[in-house]
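Take a look at the structure below.
Residue numbers (the working numbering), protein chains in the order written: chain Y, 1 to 293; chain G, 1001 to 1309; chain D, 2001 to 2400.
Below is the structure:
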């Protein structure tokens, strides 16, 4: 009975047929993936080509991809002169760097203590950390805003960064990472006369490099792109980070000058996208580390 | 009696061990001090203040505050704007969640089997995740422009009717949802890819020898069950992200047209930071937090299960 | 009934050749082991037989029928993987049942929900479960049928993997290092069990391992592979007693065979450290060669006088390893700096007496390999049919 069904199946698989089936399935797979890829790339491609089109072409030849007249210089010059785009980008760099530095300085010792040291309140602190992990920044935004307003600190770099100085996520992540660090090495370091402070920064931290790199990417991408909080505390365009700057720029007199708008969008998107293309592995690891935002 | 006079040999050792324990206690607390302080100041205390505030009639700058009980929440329940924004947010989640999870999974499964083209597709699909959403929202606005946008030009070319995607009340929210999916598919794809590469190749080979050779069989017998935990995780993460929709609304529609794209965070932003109905905004934030917490509880539950196999 | 024939199988990954022209004829019911160091191509070969990997050229035939175009499940082979490759989300029973459900239910009857519509599905599943029980009983894993693989020990997983292979009654069992994830004690035990299983099932087994002990203890025949080709194919005894290649000699046997650099002297005799070993090979005089002596074939000279056909080397005792039942003696070879010879002697051997001593060995029990690594058969010898050894009679004519 069994051999009968087997021989029937045997006859169905001929090499040519298998080859054809494979070719057809490949065609479908790539067809689908390429269609999706076009959808994904459409805004990027259109952003780039629009940024080098003259206004007349933007307003008339709607489906033409490549412009007849190269107008890139004018668009980019207009974008750069009518709004401090580079300033926005530098603001972004400055804010991201400060936030990341403070986050690491605070989270590394704390993560180490939670992972390796025994002290009263450790469990409580860890539970609080887990709890805070679930709270997005939009929740404490109101009280923080009121406090900053009372202190007269609105419209400062500090106000833009302060809610993010503590990353419970970094603490959580580093604690998990440090937990796997061998106790024996720490004991050996203690026997060699190292203080806990030195152990943290000279022994444990270097070993956590992959986790720190991934977290750095995660943090930078999150704060470079954050709009909600800067929108609340910043009204001075000089302090705006890229997303807020983009918003100011499109609100201002540019109106429907899409050539300049897309030029600005290109300038503000480029840093991260270029960084992504160069450090793809780190980016994917960093951004998807947990999906906790 | 004599135990006082004769120190047992263990005592010294204990004293030494005690000193190490003391050092650990002090350094431990010292290391956690900055984090604890910041945790209290930027997260927990504001959270308490927020909850308290939601039971008052406080408005920014007001001098006298009185408790109004649950009045703010009652107001929210009957506020058409709030109800609309909550409904819209849930609707947005209901579109984005299945769309981005299913497509993310499909793309991941297809990309995973590719060898030479894998990184090519990975880069393209992940690109929207890295890009600044505000800047891309501006570009989308242009793409969808009724007169100037290439999408309508394309529709005209194929003889279809043209749409004012962002200014037609019935289309605005679905359009934003498509953009949300555009940003999330790549993210979910990468999570699914990580899940897929955690499935040992041996298992697929064993399945092949055992007769599980068609792609449907392979997916149903091996891939889908083994991706179960990843899928749950992706669903929760996507729900939270989608629930927090704000950027595209703020840039592209500002809640319009006719409130058809008002969402929860945008409503909170308007009440709290534009109209300065602080206490009312606090109440809305508490409601927002409750939703997030529900998702998060599911998430911790799922995270626990994730390490099961 | 399955005779497996491999005809000049070649495989390369890109420009890298992995297998070059493998010819192998495996008889029905034979236990054949492919043995070799990692990277020798043995796993690739078994995967080609399973159909998991396409060969670059050559063909695989079972019972005279070419099966190259068949997909793995159509080849009626079962495979046991090194990692066992159990489906982690299924119970032991479902794991074992899977090959049968795939065979006997159509795609519709396997789809979730849709499957509930099929009238015959329940009957088929009951039959399958019956067979699964029978196999589990044979392997003594019946009580585990409801568990998940993660709840099993290594040995239990190994049995489940075997059960999943057995339930299909395949023509050929393919095993890719199935024991290497077990601890040493369990490995020894499973060795016996596998050998017994083979005797019971009387099916063709093709077994891949890097462990020469597994190869020697279980197989009917062993194929020793190196760099993508088979160096020697034969019974375990043949491989041990008459290694065709210096690599085979080195790989098989523990402790490792002793190798001494030598030159070929007049008449094909072998010179080692200035001493002449009258072996009379066909190697050209003046070339270099290697003399190989198994540790049990050489021992410190006792009180007995040197017999006909024995030769000696001088050495100094350096270390003694006590294995309980026997000693392994390590000697520095006098005249060959850095060269160590190991001897395996019974535990009652008088070790303390040795300082510098002469080590005596049967000339007929040693092997000579030329510069190409191939075995050089002594001309004056005659192979003894009982143990495959060459008995050498130095004064040809005087011996009977």
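Here a beta-carbon is modelled for each residue, glycine too, at the ideal position from N, C-alpha and C.
Cross-strand partners of residue 2291 of chain D (DSSP beta bridge) = Position 291 of the third chain, counted from the start, is the residue given in the question as residue 2291 of chain D. DSSP lists D:2260 and D:2368 as partners of residue 2291 of chain D.
In the stretch 1216-1231 of chain G, which residues sit with their C-beta less than 9 Å from some C-beta in chain D, listed in chain order?
-> Cβ contacts with chain D come from 1216, 1217, 1220, 1221, 1222, 1225, 1226 and 1228.
List, in order along the chain, the chain D residues whose C-beta lies closer than 7 Å to that of residue 1198 of chain G?
-> Here the question's residue 1198 of chain G lines up with position 198 in the second chain. Going along chain D, no residue has its Cβ under 7 Å from residue 1198 of chain G, so there is no contact; the nearest lies around 11 Å.
Mind listing the chain G neighbours of residue 132 of chain Y? Cutoff is C-beta to C-beta under 8 Å, in chain order.
-> Along the first chain, one-based indexing puts residue 132 of chain Y at 132. What residue 132 of chain Y touches in chain G: 1039, 1043 and 1044.
Rank Y:103, Y:134 and Y:240 by C-alpha distance to the C-alpha of residue 1237 of chain G and give the top, closest one.
-> For this step, residue 1237 of chain G is matched to residue 237 along the second chain. Taking only the C-alpha atoms, the option nearest residue 1237 of chain G is Y:134.
Which partner residues does residue 2011 of chain D have in the DSSP bridge list?
-> Indexing the third chain from 1 puts residue 2011 of chain D at position 11. Under DSSP, residue 2011 of chain D forms a beta bridge with D:2019.
Chain D beta carbons: is any one of them nearer than 8 Å to that of residue 1194 of chain G?
-> The sequence position of residue 1194 of chain G within the second chain is 194, counting from 1. With 8 Å as the cut-off, residue 1194 of chain G does not count as an interface residue toward chain D.
At a Cβ cut of 7 Å, what residues of the stretch 2170-2201 of chain D count as close to chain G, listed as they run along the chain?
-> Hits within the stretch: zero.
What residue from D:2113, D:2115, D:2278 and D:2002 has the CA that sits closest to residue 2065 of chain D's CA?
-> Start at 1 with the first residue of the third chain, and residue 2065 of chain D comes out as number 65. Of D:2113, D:2115, D:2278 and D:2002, the residue nearest in Cα terms is D:2002.
Cα-Cα, which of Y:104, Y:233, Y:146 and Y:195 is closest to residue 173 of chain Y?
-> One-based indexing of the first chain puts residue 173 of chain Y at position 173. Ranked by Cα distance from residue 173 of chain Y, the first of Y:104, Y:233, Y:146 and Y:195 is Y:104.
Ordered along the chain, which non-local residues of its own chain (more than five positions away) have a Cβ less than 6 Å from that of residue 2032 of chain D?
-> Taking the first residue of the third chain as 1, we reach residue 2032 of chain D at position 32. Cβ neighbours of residue 2032 of chain D beyond the five flanking positions: 2026, 2206 and 2221.
Listed by chain order, chain D residues near residue 1101 of chain G by CB distance under 7 Å = For the purposes of this step, residue 1101 of chain G is taken as residue 101 along the second chain, with counting starting at 1. Against chain D, a Cβ distance below 7 Å from residue 1101 of chain G picks out nothing, because the smallest value is about 18 Å.
Spatial neighbours of residue 1211 of chain G in its chain, beta-carbon cut-off 6 Å, leaving aside the 5 residues before and after = Position 211 of the second chain, counted from the first residue, corresponds to residue 1211 of chain G. Once the five neighbours on either side are set aside, residue 1211 of chain G has no close Cβ partner at all.
Per-residue burial, residue 1247 of chain G [other beta carbons within 10 Å of its own, 16 or more giving buried] = As a working note, residue 1247 of chain G is residue 247 in the second chain. Buried: at least 16 other Cβ atoms inside 10 Å.
Cβ of residue 1206 of chain G within 8 Å of any chain D Cβ | Within the second chain, the letter at position 206 stands for residue 1206 of chain G. Yes, residue 1206 of chain G counts as interfacial toward chain D.
What are the uninterrupted segments assigned as beta strand (DSSP E) that are 3 or more residues long and contained completely in the stretch 2077-2114 of chain D, given in chain order?
-> Listed in chain order, the complete beta strand (DSSP E) runs (minimum 3 residues) inside the stretch 2077-2114 of chain D are 2077-2080.
For residue 2236 of chain D, does the three-state DSSP call read helix, strand or coil?
-> By 1-based counting over the third chain, the position of residue 2236 of chain D is 236. The answer is helix: DSSP assigns residue 2236 of chain D an H, G or I state.
Alpha carbon to alpha carbon, how far is residue 2133 of chain D from residue 2126 of chain D?
-> Start at 1 with the first residue of the third chain, and residue 2133 of chain D comes out as number 133. Start at 1 with the first residue of the third chain, and residue 2126 of chain D comes out as number 126. The alpha-carbon of residue 2133 of chain D is positioned some 11 Å away from that of residue 2126 of chain D.
For residue 199 of chain Y versus residue 189 of chain Y, is the C-beta spacing smaller than 8 Å?
-> Your numbering for residue 199 of chain Y matches position 199 in the first chain. Your numbering for residue 189 of chain Y matches position 189 in the first chain. Closer than 8 Å, so yes.
Touching by the beta-carbon criterion (3+ pairs, under 8 Å), the stretch 80-91 of chain Y and the stretch 261-271 of chain Y | Under the Cβ criterion (8 Å, minimum of three pairs), the stretch 80-91 of chain Y counts as touching the stretch 261-271 of chain Y.
Counting Cβ pairs, one atom from each stretch, are 3 or more of them under 8 Å apart for the stretch 201-220 of chain Y and the stretch 137-155 of chain Y?
-> At 8 Å Cβ cutoff, the stretches do not touch.
If we call anything under 8 Å between Cβ atoms a contact, is residue 33 of chain Y one with residue 1111 of chain G?
-> Stepping through the first chain from its first residue, residue 33 of chain Y is reached at position 33. Stepping through the second chain from its first residue, residue 1111 of chain G is reached at position 111. For residue 33 of chain Y and residue 1111 of chain G, yes; Cβs fall inside 8 Å.
Simplified DSSP state of residue 2207 of chain D, which is helix, strand or coil | Position 207 of the third chain holds residue 2207 of chain D. The three-state secondary structure of residue 2207 of chain D, taken from DSSP, is strand.
Could you tell me whether the stretch 1153-1169 of chain G touches the stretch 1263-1274 of chain G, where touching means 3 or more Cβ pairs closer than 8 Å?
-> Contact between the stretch 1153-1169 of chain G and the stretch 1263-1274 of chain G is absent, because fewer than three Cβ pairs lie under 8 Å.
Below 7 Å CB to CB, which residues in the same chain sit around residue 1086 of chain G once its five sequence neighbours on both sides are set aside?
-> Position 86 of the second chain, counted from the start, is the residue given in the question as residue 1086 of chain G. Only residues of its own chain outside the window of five on either side were considered, and among them 1264 have a CB closer than 7 Å to the CB of residue 1086 of chain G, listed in chain order.
Shortest alpha-carbon distance to residue 1244 of chain G belongs to which of G:1032, G:1039, G:1100 and G:1180?
-> Counted from its first residue, the second chain places residue 1244 of chain G at position 244. Among G:1032, G:1039, G:1100 and G:1180, the Cα nearest to that of residue 1244 of chain G is on G:1180.
Neighbourhood of residue 2131 of chain D by C-beta, 7 Å cutoff - its chain only, sequence neighbours within 5 removed | The residue given as residue 2131 of chain D occupies position 131 in the third chain. Answer for residue 2131 of chain D: 2100 and 2167, listed in chain order.
Taking all protein chains shown into account, do 16 or more other C-beta atoms lie within 10 angstroms of the C-beta of residue 1140 of chain G, making it buried, or fewer, making it exposed?
-> As a working mapping, residue 1140 of chain G is identified with position 140 in the second chain. It counts as buried.
What number of angstroms, rounded off, separates the C-alpha of residue 150 of chain Y from the C-alpha of residue 231 of chain Y?
-> As a first step, residue 150 of chain Y is located in the first chain; it is residue number 150 there, counting from the start. As a first step, residue 231 of chain Y is located in the first chain; it is residue number 231 there, counting from the start. Whole-angstrom Cα-Cα distance: 18 Å.
Using a Cβ cut-off of 8 Å (strictly closer), state whether residue 219 of chain Y contacts chain G.
-> Position 219 of the first chain, counting from 1, holds the residue named residue 219 of chain Y. Chain G, which has no Cβ nearer than 8 Å to the Cβ of residue 219 of chain Y, makes this no.
Just the Cα atoms here: how many angstroms apart are residue 176 of chain Y and residue 129 of chain Y?
-> On the first chain, position 176 is the one that residue 176 of chain Y refers to. On the first chain, position 129 is the one that residue 129 of chain Y refers to. Per the coordinates, the alpha-carbon of residue 176 of chain Y lies some 13 Å from the alpha-carbon of residue 129 of chain Y.
What number of angstroms, rounded off, separates the C-alpha of residue 2257 of chain D from the C-alpha of residue 2145 of chain D?
-> Along the third chain, one-based indexing puts residue 2257 of chain D at 257. Along the third chain, one-based indexing puts residue 2145 of chain D at 145. Straight-line Cα distance between these residues: approximately 46 Å.
Which bits of chain G does residue 1974 of chain D rub up against, with CB to CB less than 7 Å?
-> This structure leaves residue 1974 of chain D out entirely; chain D is present only between 2001 and 2400.
For residue 2313 of chain D, the residue or residues it bridges with in DSSP | Counting from 1 along the third chain, the entry for residue 2313 of chain D is found at position 313. For residue 2313 of chain D, which the question treats as bridged, DSSP gives the partners D:2359.
Excluding sequence positions up to five away, which residues of its chain have a Cβ less than 7 Å from the Cβ of residue 1076 of chain G?
-> Residue numbering aside, residue 1076 of chain G sits at position 76 when the second chain is read from its first letter. Sequence-distant partners of residue 1076 of chain G (beyond 5 residues in either direction) whose C-beta falls short of 7 Å from its own C-beta, in its chain, are 1082, 1283, 1284 and 1287.
Looking at C-alpha atoms only, which residue of Y:192, Y:208 and Y:143 is the closest neighbour of residue 170 of chain Y?
-> By 1-based counting over the first chain, the position of residue 170 of chain Y is 170. For the residues Y:192, Y:208 and Y:143, the minimum Cα distance to residue 170 of chain Y belongs to Y:208.
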